[in-house]
Every structure is written in structure tokens, then in C-alpha cells.
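Just so we're aligned, residue 1 is where the sequence shown starts under the UniProt record's numbering, counting upward by one.
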Amino acid sequence: MPGLLLALAGGQRAALRSLYDRQSTRLFGIANAVLRDRDAAADALHDAFLRIATRAGQFDPARGAAEAWLAAIVRHAALDLARKRGRELPSDDPALGDTPVAPEALDRVLANDDSRRLKDCLSTLEANRREGIVLAFVHGLSHAQIAARLALPLGTVKAWIRRGLLQLRGCLT
């Protein structure tokens with residue numbers, strides 16, 4: 001994967017097609033988990049690949065895995081699109097017409113082999129830290145939204161997520 005990003009940064013447009021072929025399904029899953037709308041997720045994925053094409057030279061393998069870098073770009077594109085559309089994330093309240101997030105949403109995002117290590121590291125976290133990280137990074141909720149959903153003080157949620165991310169960093173390195 002890093003080789004494709006380097007080739008793309010060097011101007012080889014065929015590398016973008018290869019990258020898309022290899023990663024689009026996984027990245028679409030991330031965008032769809034954030035937006036919960038297949039059409040909007042497709043738009044976010046398109047925007048993300050435009051960003052990837054123009055920013056491939058910014059990828060630094062010393063700072064992390066290419067897959068994580070790509071996932072972050074897609075996640076940010078999805079969140080940008082959600083903000084641009086002025087749309088709130090569903091509340092999981094069926095009375096409002098919202099559908100709850102399936103508990104296995106993270107499993108679908110982490111279904112490919114490259115993500116098994118992340119999944120293994122997530123399983124080592126305490127349940128509260130894991131839940132906070134999943135709500136923030138898979139479902140795109142803000143710290144304040146997570147605190148409201150879990151009926152916890154904002155500082156507690158921030159601390160859980162920060163400690164969980166530190167643990168993940170240690171596990172993944």
C-alpha cells in the first residue's frame with residue numbers, strides 16, 4: 001500500500017486506480033458507518049479519493065500504516081459532508097425514524113486482513129474505552145455527543161478516549 005501512495009505522489013495515475021480497487025470497499029464501509037446513507041457515503045468516498053490523489057505525497061510511513069492514513073481521510077471527508085449538508089447523525093431512536101447502529105458495525109469495518117491487528121488491539125481495551133473510541137472514530141460522534149449518549153461527564157469521556165488511544169498506539173507499535 002505505501003508503494004501505491006508513493007507511485008501516486010510521483011504522478012503515476014494508474015496507482016490511484018489500483019489503490020481504489022484494493023481499498024474502496026473497506027473505505028466505503030467507513031464512510032457509510034459515519035453517514036448511514038449509501039449515496040452520501042459514495043459522495044464522501046469520491047471526495048476522499050480526490051484528496052488522496054492530491055495529498056499522496058504527504059503520507060509518511062514512519063507515522064503510521066497507509067490503511068490508517070486512508071481511513072482518516074475518508075472519515076474526515078464523511079464528517080465534512082455531514083456538516084456541509086447540515087444533517088444530524090441519527091439518534092438511534094426508532095420513534096424518530098432513525099435506525100439503530102448494528103453492534104457488529106465495527107466488525108464490518110474491520111473485516112479485511114489488514115485490520116485484524118487493530119481489532120485485536122481494540123479487544124484488549126476496557127469496554128468503556130473501546131466504546132468511546134468506536135463511537136468517536138467509527139460512528140463520527142463528537143466527545144459531547146458521546147457524553148450525552150452515555151450520560152457521563154464530558155471530561156470522563158475525553159479521558160477514556162485519550163487513554164484508549166494511548167493504549168492502542170502502544171499495542172499497534
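Built from N, CA and C at the ideal position, the CB exists for glycine as well.
Alpha carbon of residue i to alpha carbon of residue j, nearest angstrom
{"i": "Pro153", "j": "Leu6", "result": "43 Å"}
{"i": "Phe59", "j": "Arg83", "result": "25 Å"}
{"i": "Leu96", "j": "Leu81", "result": "In this prediction, Leu96 scores a pLDDT of 45, lower than 50, which makes its location untrustworthy; the coordinate-derived value is nonetheless stated afterwards. Spanning the two alpha carbons is a distance of roughly 22 Å."}
{"i": "Ser142", "j": "Ile161", "result": "11 Å"}
{"i": "Ser18", "j": "Asp37", "result": "25 Å"}
{"i": "Arg169", "j": "Leu150", "result": "24 Å"}
{"i": "Gly155", "j": "Ala148", "result": "12 Å"}
{"i": "Leu4", "j": "Ala15", "result": "5 Å"}
{"i": "Ser123", "j": "Asp47", "result": "31 Å"}
{"i": "Gln12", "j": "Ala53", "result": "10 Å"}
{"i": "Leu125", "j": "Val34", "result": "22 Å"}
{"i": "Gly132", "j": "Cys121", "result": "15 Å"}
{"i": "Lys119", "j": "Ala66", "result": "16 Å"}
Residue i burial status per 10 Å Cβ neighbour count (16 or more: buried)
{"i": "Ala144", "result": "exposed"}
{"i": "Leu70", "result": "buried"}
{"i": "His139", "result": "buried"}
{"i": "Ala159", "result": "exposed"}
{"i": "Ala127", "result": "exposed"}
{"i": "Arg26", "result": "buried"}
{"i": "Gly164", "result": "buried"}
{"i": "Ala62", "result": "exposed"}
Beta-carbon spacing of residue i, residue j below 8 Å
{"i": "residue 179", "j": "Gly64", "result": "Residue 179 is absent from the model: the chain starts at 1 and stops at 173."}
{"i": "Ile30", "j": "Arg51", "result": "no"}
{"i": "Ala68", "j": "Ala44", "result": "no"}
{"i": "Arg117", "j": "Leu166", "result": "no"}
Run of the alpha helix (DSSP H) containing residue i, from where it starts to where it stops
{"i": "residue 195", "result": "Limits of the chain in this structure are 1 at one end and 173 at the other, which puts residue 195 out of reach."}
{"i": "Pro2", "result": "Pro2 to Ala9"}
{"i": "Leu70", "result": "Ala66 to Lys84"}
{"i": "Arg117", "result": "Arg116 to Ser123"}
{"i": "Leu17", "result": "Before going on, a small fix: residue 17 reads as Arg here, not Leu. Element bounds for Arg17: Ala14 to Leu35."}
{"i": "Val138", "result": "Neither: Val138 is in no alpha helix (DSSP H) and is coded neither H nor E."}
Of the residues the options, the one placed nearest residue i, counting alpha carbons only
{"i": "Phe28", "options": "Ala40, Ala136 and Cys171", "result": "Ala40"}
{"i": "Leu79", "options": "Arg116, Asn32 and Arg26", "result": "Asn32"}
{"i": "Val157", "options": "Leu165, Leu166, Ala68 and Ile146", "result": "Ile146"}
{"i": "Arg22", "options": "Ala42, Met1, Gln12 and Val134", "result": "Met1"}
{"i": "Ala42", "options": "Thr54, Ala53 and Ser24", "result": "Ser24"}
{"i": "Phe49", "options": "Arg130, Glu131, Arg75 and Leu125", "result": "Arg75"}
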